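Protein chains in written order, with our numbering: chain A, 300 to 876; chain B, 23 to 195.
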């Protein structure tokens, strides 16, 4: 069938099962926006290209399907760089289509031209510059294949205007079905199952360990291996820590769950890893926020490291057994190998280890002091009420900073894919657009964006998108008038010399601003108002809601491992010192 | 060889690594490969790129000055590049390495005969000559090129270009 490149692009997206595209048109991508009108694909018109990228990330994280963003050349593409980098760091499957100036004009400093593939080379798993209309179906299929297999990640496809513009003869092409056998990727071989001998070696190490910890990372979620992890943990009765990227991959209410490790992890998770004699790292990457000072991290632990990406094995910590493979398959293999070794009966007596762990849990639970009447709200309290007033499977997104750490600490994640945040890149402003993407992908689920006032001011304009598109997300905005996490560091490490961190409680007026964007908005200032406001927000299902919680600036996140220090030097809440 | 230069040579063999990659013969692939090194501040000492017998693929041979531990990480990341089909490190003892040098030498001082003897010794070629200068070529082991270059300095090197080394594994390695 003869068609033009723009039609082929839209049809190729439909063939990949794309249901929704987040985007914003402009000169170079204009011809693709014409066939969009007839397409089955829902297009969500964002207010800034960064929003399109984060929405696609939220959608991908919540649904497991690749998120798709479509933006124009030049400034459109450069605005998309932050979400691409964010998705690259957090291994989110994304396909980003960018317009480009006509092929013959590339390199001439044409209007809205930038070297998009050059700029994004270091922040994408792969990118393509398409030069012929005839290549479009194949390259789109390759882009989705690369984005979603192996270690997932963002793929960018840069499309010069002439090959999609029906008025240009270079856009003529003959349609063909994009199938696996037309792909030309001789250098791409994603890993699958693990080496059986290494799996046996790992099982033997586990059977000898007296103080093992399962260190579950975001790879568990990417591999959709939550059920396998549960089976493994229960088979050998070993405690699990879930990293910031892995929250929800193992139920927080399970007795084996120790919660989040790392810089603001809870005392037990951090200390159990420090005291462990075997870390079983599954889809985790020994991030500096987890390990603290590396030479002081888990000094007595042997390490089993399972990752789909060979470049992660030995990158930070040398493993005793390194298994390259898909977590879902490797964990299933490991369960079989452990059963063959005798299952639970073959495990050493670990009662002393378990009792040591419960001792830490009793001595160092997460704590905060409730506010006195007349004082500003405690964010931890608000999060507890929010957690207890929303359905179990509510999806929570977050920005970056104190509110993110409190949300991760105080929420009870009992289901995978209910926690969506920017872990690796730490992108302020992620929360609102990610929540919109998640809600579009999972319309029957309640979606709450937990956000700080600093973050909110970066991407709040996407609430206009949410209102216009009738995407009823809810925002819990913590207004403490500060860039809170930076303020905390200045308090603790810069002798309370506060430099450029004050934002103001009053300006902007968040309620008026949210209302101007088509949201229902409420300001909450006292503890007794918290639950009623949340209940009211939960009842609104036809537009976005913003609850502004006026919260205490001096509240700090604890525990904390100061940057550059060993996890053994964890600083607990003042009341526990 | 002085003690210092011996130590330098030992250090040289320890830190310099020859990496051979087979890549898809497509625009931008060299930039992707080079970018991985640039990002870490590693210098590429020598680089040679050309299509293989199968023109869909090119072979990139490069020498980098980097500690082995960092190299392992870079090699793994190179392997992750979608356009990189194969990658291996060639040890000098198990491979054959060659490099080509073109050099123009000053012979105005009447040392033409002396230079031609050197050309014979090294099995180099004279490609061009006039009253005052000679252009020579030598294809040999990179170390042999270094020696030749050292000798030529006494004459006065006007211009010099080396191709960067190419390498294949030895037949019985």
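Glycine included, every Cβ here is placed at the ideal spot set by N, Cα and C.
Just so it is clear, the structure is predicted and the values come from calculations on it, not from any experiment.
### Query
Under the rule that 16 or more other beta-carbon atoms within 10 Å means buried, what is residue 183(B), buried or exposed?
exposed
### Query
Expressed to the nearest angstrom, what Euclidean distance is found between the alpha-carbon atoms of residue 35(B) and residue 65(B)?
Residue placement at residue 35(B) cannot be trusted, given a pLDDT of 44 that sits under 50; what the coordinates show is reported in the next sentence. Cα to Cα, the separation comes out at about 16 Å.
### Query
Quick one: is residue 47(B) near chain A, going by C-beta distance under 8 Å?
no
### Task
Please list, in chain order, all residues of the same chain as residue 684(A) whose beta carbon is under 7 Å from its beta carbon, the five residues on each side excluded.
829, 830 and 833
### Task
With a threshold of 16 other CB atoms inside 10 Å of the CB of residue 62(B), please say whether the residue is buried or exposed.
exposed
### Message
In this structure, how does DSSP classify residue 154(B) when only helix, strand and coil are distinguished?
### Response
coil
### Query
Using a Cβ-Cβ cut-off of 8 Å (strictly less than) and excluding sequence neighbours within five positions of residue 678(A), which residues of its own chain qualify?
701, 702, 705, 777, 779, 848, 850, 851 and 854
### Task
Excluding the 5 residues preceding and the 5 following residue 481(A) in the sequence, name in chain order all residues of the same chain whose CB lies nearer than 6 Å to its CB.
437
### Message
So, for residue 84(B): in the same chain, excluding its five sequence neighbours on each side, which residues have a beta-carbon less than 6 Å away from its beta-carbon?
### Response
41, 66 and 69
### Query
Touch check for the stretch 334-350 of chain A and the stretch 362-381 of chain A: three-plus C-beta pairs under 8 Å?
yes
### Message
Run through chain B and tell me which residues come within less than 9 Å of residue 420(A), C-beta to C-beta.
### Response
50, 53, 54 and 57
### Message
If the cut-off is 9 Å on Cβ atoms, which residues from the stretch 473-487 of chain A count as contacting chain B, listed in chain order?
### Response
483, 484, 485, 486 and 487
### Query
If contact means a Cβ-Cβ distance below 8 Å, which residues of the stretch 86-107 of chain B contact chain A?
94, 95, 98, 99, 101, 102, 103, 104, 105, 106 and 107
#### Entry: Bridge partner(s) assigned by DSSP for residue 321(A)
343(A) and 368(A)
### Task
Could you name the residues of the same chain whose beta carbon sits closer than 7 Å to that of residue 190(B), not counting the 5 residues immediately before and after it, in chain order?
117 and 118
### Query
In chain A, which residues lie with their C-beta within 7 Å of the C-beta of residue 62(B)?
None at all; the shortest Cβ gap to chain A is about 11 Å.
### Query
Are the stretch 725-740 of chain A and the stretch 690-697 of chain A touching, with three or more C-beta to C-beta distances below 8 Å?
yes
### Query
Whole alpha helix (DSSP H) runs in the stretch 656-732 of chain A with 4 or more residues, listed along the chain?
678-687 and 701-709
### Query
With 16 other CB atoms within 10 Å as the buried threshold, where does residue 473(A) fall?
exposed
### Query
Leaving out the 5 sequence neighbours to the left and right, which residues in its chain are closer than 7 Å to residue 574(A) when beta-carbon positions are compared?
510
### Task
Measure the CB-CB distance between residue 1(B) and residue 140(B) and report whether it falls below 8 Å.
The shown model of chain B, from 23 to 195, leaves out residue 1(B), and the question about it has no answer.
### Task
Return the residues of the stretch 428-447 of chain A that lie within a Cβ-Cβ distance of less than 9 Å from chain B, sorted by chain order.
428, 430, 441 and 445
### Message
Less than 8 Å between the beta carbons of residue 592(A) and residue 864(A), yes or no?
### Response
yes
### Task
Give the range of the beta strand (DSSP E) segment to which residue 537(A) is assigned.
Run containing residue 537(A): none; DSSP gives neither H nor E here.
### Task
Mind checking the stretch 576-608 of chain A against chain B and listing, in chain order, the residues whose C-beta falls within less than 9 Å of any C-beta there?
608
#### Entry: CB of residue 566(A) within 8 Å of CB of residue 873(A), strictly
no
### Message
I want to verify the contact list: residues of chain B whose CB lies under 7 Å from the CB of residue 416(A), in sequence order.
### Response
50
### Query
If you draw a straight line from the C-alpha of residue 746(A) to the C-alpha of residue 353(A), how long is it?
15 Å
#### Entry: Under the three-state DSSP convention, the category residue 812(A) falls into
helix
### Task
Rounded to whole angstroms, what's the CA-CA distance from residue 653(A) to residue 634(A)? Just pull it up for me.
21 Å
#### Entry: CB contact below 8 Å: residue 804(A) versus chain B
no
### Query
Whose C-beta lies closer than 6 Å to the C-beta of residue 489(A) among residues of the same chain, with five residues either side of it excluded?
448 and 449
### Query
From residue 134(B) to residue 88(B), what does the alpha carbon distance come to, in whole angstroms?
41 Å
### Query
With a CB to CB cut of under 8 Å and the five nearest residues on each side skipped, what residues in its chain are close to residue 515(A)?
528, 539, 540, 541, 542, 545, 548, 549, 581, 582 and 583
### Message
Going by C-alpha to C-alpha distance, which of 709(A), 657(A) and 816(A) sits closest to residue 681(A)?
### Response
709(A)
### Task
Would you mind sorting residue 843(A) into buried or exposed? The rule is 16 or more other CB atoms within 10 Å of its CB.
buried
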